[in-house]
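Just below is one structure, and these are the notes that go with it.
In the working numbering, the protein residues as written are 173 to 326.
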């Protein structure tokens, strides 16, 4: 039985014994990629409002690491939002991006849920960071943004 130890190699998009005749197949319906956790709130204004009022962090107080949150914030957020959350990042100062509000703007009234939703989907000119930050990292950044907000309000 030589085919047990000398297997026949198949090309990814070559012919195979599957019903559609291709080796590469789509994942099973309803399957979820390893390490991926679906976010069940829609990318709509209603979804944003729902997240703003109902979404809470999955991290408890012992899991929050503000040093890690700061490091991630500095990498992904500080360039636009500023290291203090005042909307005065380097790109704003160089007038590459305009209209970044401060975290303590009363009109924004940001919450845990609104920050997470914005990181996940993006908002206005800000794009999504869902591919750059995993779920735990997003929550660390949310915790750090709330710290910056409270520091600005003092």
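By construction, the Cβ of each residue, glycine as well, lies at the ideal position given by its N, Cα and C atoms. Quick caveat, the model's predicted, so the values are computed rather than measured.
Taking only three categories from DSSP, how would you classify residue i?
| i | result |
| --- | --- |
| residue 201 | coil |
| residue 321 | helix |
| residue 295 | strand |
| residue 307 | helix |
| residue 270 | coil |
| residue 231 | coil |
For residue i, report the span of its alpha helix (DSSP H) as first-last.
| i | result |
| --- | --- |
| residue 221 | 217-226 |
| residue 154 | The chain is shown from 173 up to 326; residue 154 falls before or after that span and cannot be answered. |
| residue 194 | It is not in any alpha helix (DSSP H) - residue 194 carries neither H nor E in the DSSP assignment. |
So does residue i have its beta carbon nearer than 7 Å to some heavy atom of the ligand FAD?
| i | result |
| --- | --- |
| residue 176 | With respect to the ligand FAD, the structure offers nothing, as it holds no ligand at all. |
Among the options, which residue has its Cα nearest to the Cα of residue i?
| i | options | result |
| --- | --- | --- |
| residue 195 | 207, 206, 205 and 181 | 181 |
| residue 270 | 258, 183 and 315 | 258 |
Which word fits residue i, buried or exposed, when buried means at least 16 other C-beta atoms lie within 10 angstroms of its C-beta?
| i | result |
| --- | --- |
| residue 245 | buried |
Three-pair Cβ contact test at 8 Å for the stretch 306-314 versus the stretch 223-243:
yes
Given 8 Å, three or more beta-carbon pairs between the stretch 222-237 and the stretch 277-287:
yes
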